[in-house]
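Novice:
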Amino acid sequence: MRGVAIGLAGAGALAVVAWMATAQQPDGAVEGLTFAGEPVTAAEVALGQEIYAQSCASCHGADLEGQPDWRRRLEDGRMPAPPHDETGHTWHHADGQLFTITKQGVGAVVPGYESDMPAFGDSLTDAEIRATLAYIKSTWPERERAFQAEVTAKAEAGR
Amino acid sequence: MTRSSDPARPRRSTFAFPVRRENAALSRRSLLHSAVGALGLLALPFGVQAAEPAPLSPTALAFEGDALLIAGETFTRSGDGGAIQTSDPASNGGGVLALATHPDRPGRVVVGLATGGLAISQDGGRSWERPGGGLPDAPVAAVAVAAAEPDTLYASVQGDGLWQSEDAGQSWTFVMDRPWLAEAERDSLTLASVDLATGMGGIWIYAGTESGLTRVPDCFCRWQDVQPGDAMDALVSGDALPPEAPLPAGEPIRALASAPAAPETLYAALPSGIWASRDAGVVWSRAAEGDAAAVAVHPVDPNHVVAALDGDLRQSRDGGATWTAYAAE
């Protein structure tokens with residue numbers, strides 16, 4: 001069962017990579033995908049996909065589907081890992097906030113907040129975090145991507 | 001007027017939540033005299049009332065246009081040129097725990113029922129239907145209409161969590177577990193959709209619980225404390241943090257209202273009184289002392305507030321600086 005899920009996820013990812021290859025700009029940038037206002041390359045997305053599988057999938061799901069029943073608290077009062085696909089709320093956060101959460105944990109955006117989301121600042125470089133988030137963003141449908149682009153643009157303007 | 005439609009007719013309490021003012025029969029009686037008496041509706045002989053259990057003070061207040069809706073064991077609508085009407089949203093005499101209206105949906109009233117589920121009126125509270133597909137059958141202690149999306153409703157189901165309807169109450173989905181405050185999950189006693197941007201593409205939902213105030217963005221990522229808007233910037237730059245004056249700790253927040261015409265103006269009803277904030281809940285000050293059970297703010301005038309205070313209905317026209325007995329217009 002698990003093998004099947006991973007196989008499917010793999011096939012989906014291949015399709016994404018194939019789509020990106022065709023959508024590539026001359027300079028290697030993926031069309032319609034930026035991170036913090038800068039273009040993202042297909043190589044970065046591929047790297048991000050690998051890192052996601054190694055460092056994030058155990059909690060957020062191989063298919064970005066999140067933990068089961070993720071809207072309900074765990075026994076200890078903490079929240080489960082939400083999906084990173086369009087069924088979750090990741091696409092409501094600006095790029096800068098996603099970066100801060102991944103690097104420093106949720107407490108860095110909500111002071112005092114206790115969560116099971118690890119801070120990856122010691123284990124991943126800034127470039128790797130950026131690549132992982134770019135991969136997550138590359139899986140979103142048009143509507144969610146456009147919504148999140150606007151949220152990001154507003155956050156950048158407010159800086 | 002017949003006894004059955006008598007708003008003052010005390011009913012035996014069929015619900016234990018929220019528990020308020022058990023020893024305040026006198027105040028409750030005075031509420032009836034002020035609310036009903038001021039409306040010139042009826043004056044039951046005192047002895048008749050005293051012979052039956054005294055009704056609870058209102059559990060919820062809301063404006064519907066200029067009319068005031070008063071809910072508790074009965075539902076009462078006052079205003080409309082002095083007329084007053086009562087109805088029974090639960091159609092079983094069960095009480096109402098929560099009320100919500102929206103200025104862009106005149107006539108629509110959403111109520112949370114003590115006996116479970118909710119009722120919705122499209123005619124200002126005269127008649128009711130009981131939609132609510134998907135909602136668990138448990139008391140609904142708080143309801144709100146999304147300030148920026150009047151067909152989006154929120155309901156806090158007791159012992160369960162926050163539910164959302166995007167079709168004016170017909171169908172519901174679970175969107176968020178209960179807030180976690182002081183080491184435990186807490187039921188929301190009141191909800192307010194506050195039309196201020198979260199930075200996440202939406203606006204805030206504030207909740208008052210038995211242990212304080214919290215809020216969640218309407219994308220439902222996480223419950224969090226109310227922070228000054230620039231708190232994170234100050235942390236980063238090392239500047240002095242902006243001043244904060246939170247609501248008193250350890251008190252339940254029984255009602256919250258955000259002024260539709262000035263959403264950063266909030267009013268809260270606590271056992272210590274009516275509290276007001278002009279900055280979306282960072283700095284609070286007490287606007288009236290007394291045991292407050294409910295509060296509502298006018299849709300157009302953010303300074304026009306009505307509160308259930310020590311069992312009386314009081315109103316202020318100046319944002320809580322001065323108060324007089326409520327009288328329908």
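Here the protein sequences line up with chains A and B, keeping their order. Here the first sequence stands for residues 1 to 159, where the numbers follow the UniProt record's numbering. Here the second sequence stands for residues 1 to 329, where the numbers follow the UniProt record's numbering. Glycine included, every Cβ here is placed at the ideal spot set by N, Cα and C.
Across which residues does DSSP place residue 330 of chain B in a beta bridge pair?
Specialist: Any answer about residue 330 of chain B is impossible in this case: the structure gives chain B only from 1 up to 329.
Novice: Would you kindly report the start and end of the unbroken alpha helix (DSSP H) that includes serine 58 of chain A?
Specialist: It spans 57-60 - the alpha helix (DSSP H) in which serine 58 of chain A sits, taken as one unbroken run.
Novice: Taking a cut of 7 angstroms between CB atoms, which residues from the segment 47-78 of chain A lie near chain B?
Specialist: For the segment 47-78 of chain A, which is checked against every Cβ of chain B, the residues closer than 7 angstroms are Arg71, Arg72, Arg73, Gly77.
Novice: Which first and last residues belong to the beta strand (DSSP E) in which glutamine 164 of chain B is found?
Specialist: Here the beta strand (DSSP E) through glutamine 164 of chain B covers 161-165.
Novice: Using a Cβ-Cβ cut-off of 8 angstroms (strictly less than) and excluding sequence neighbours within five positions of phenylalanine 75 of chain B, which residues of its own chain qualify?
Specialist: Excluding positions up to five away in sequence, the list reads Leu69, Thr86, Ser87, Asp88, Pro89, Val96, Val111, Gly125.
Novice: Could you please give the first and the last residue of the uninterrupted beta strand (DSSP E) stretch that includes isoleucine 203 of chain B?
Specialist: Unbroken beta strand (DSSP E) run through isoleucine 203 of chain B: 203-209.
Novice: Would you say arginine 222 of chain B faces chain A, with C-beta separation under 8 angstroms as the test?
Specialist: Interface residue, yes.
Novice: I need the DSSP call for leucine 47 of chain A, collapsed to helix, strand or coil.
Specialist: Reduced to three states, the DSSP call for leucine 47 of chain A is helix.
Novice: Look at threonine 209 of chain B and leucine 181 of chain B and say whether their C-beta atoms are less than 8 angstroms apart.
Specialist: Yes, these two residues count as a Cβ contact at 8 angstroms.
Novice: Is the shortest distance between the beta-carbon of glutamate 150 of chain A and the beta-carbons of chain B less than 8 angstroms?
Specialist: Chain B contact via Cβ: present.
Novice: To the nearest angstrom, how far is the alpha carbon of alanine 119 of chain B from that of alanine 328 of chain B?
Specialist: Between alanine 119 of chain B and alanine 328 of chain B, the C-alpha separation is close to 25 angstroms.
Novice: Which word fits arginine 130 of chain B, buried or exposed, when buried means at least 16 other C-beta atoms lie within 10 angstroms of its C-beta?
Specialist: Arginine 130 of chain B should be labelled exposed.
Novice: For a quick check, are the C-beta atoms of serine 165 of chain B and tryptophan 128 of chain B less than 8 angstroms apart?
Specialist: The answer is no: Cβ separation not under 8 angstroms.
Novice: Beta carbons nearer than 9 angstroms to chain A: which residues of the segment 169-189 of chain B have them?
Specialist: Cβ contacts with chain A come from Phe174, Val175, Met176, Asp177, Arg178, Trp180, Glu183, Ala184, Glu185.
Novice: Exposed or buried, aspartate 291 of chain B, counting other C-beta atoms within 10 Å across all chains shown (16 or more means buried)?
Specialist: Aspartate 291 of chain B is buried by the Cβ-count criterion.
Novice: Who does glutamine 224 of chain B pair with in a DSSP beta bridge?
Specialist: Answer is B:Arg215.
Novice: Tell me, please, which residues DSSP counts as bridged to glutamate 64 of chain B.
Specialist: In the DSSP output, where bridge partners are listed per residue, glutamate 64 of chain B has B:Ala67.
Novice: Just to confirm, are methionine 117 of chain A and valine 106 of chain A a CB contact at a threshold of 8 angstroms?
Specialist: It is a contact, given that the beta carbons lie within the stated cut-off.
Novice: For aspartate 177 of chain B, which option in A:Val45, A:Pro39, A:Arg73 has the closest C-alpha, if you only look at C-alpha atoms?
Specialist: When each option's Cα is compared against that of aspartate 177 of chain B, the closest is A:Arg73.
Novice: Can you tell me where the beta strand (DSSP E) with tyrosine 154 of chain B in it begins and where it stops?
Specialist: That run of the beta strand (DSSP E) goes 153-157.
Novice: Which chain B residues are close to tyrosine 113 of chain A, counting only those with a beta carbon under 8 angstroms from its beta carbon?
Specialist: Going along chain B in sequence order, the residues near tyrosine 113 of chain A (Cβ under 8 angstroms) are Arg222, Gln224.
Novice: Alanine 119 of chain A touches chain B at which residues, Cβ-Cβ below 8 angstroms?
Specialist: Per Cβ cutoff of 8 angstroms: no residues; alanine 119 of chain A is ~16 angstroms from chain B at best.
Novice: Using only alpha-carbon positions, find the residue among B:Gly72, B:Asn303, B:Trp163 that is nearest to phenylalanine 220 of chain B.
Specialist: For the residues B:Gly72, B:Asn303, B:Trp163, the minimum Cα distance to phenylalanine 220 of chain B belongs to B:Trp163.
Novice: Taking all protein chains shown into account, decide if alanine 35 of chain B is buried (16 or more other Cβ within 10 angstroms of its Cβ) or exposed.
Specialist: Only weak support exists for where alanine 35 of chain B lies, its pLDDT of 40 falling under 50; the value from the coordinates is given anyway. Alanine 35 of chain B comes out buried.
Novice: Find out if the Cβ-Cβ distance for the pair tyrosine 206 of chain B, leucine 135 of chain B is shorter than 8 angstroms.
Specialist: The answer is no: Cβ separation not under 8 angstroms.
Novice: Helix or strand or just coil, what does DSSP make of isoleucine 253 of chain B?
Specialist: Here isoleucine 253 of chain B sits in coil by DSSP.
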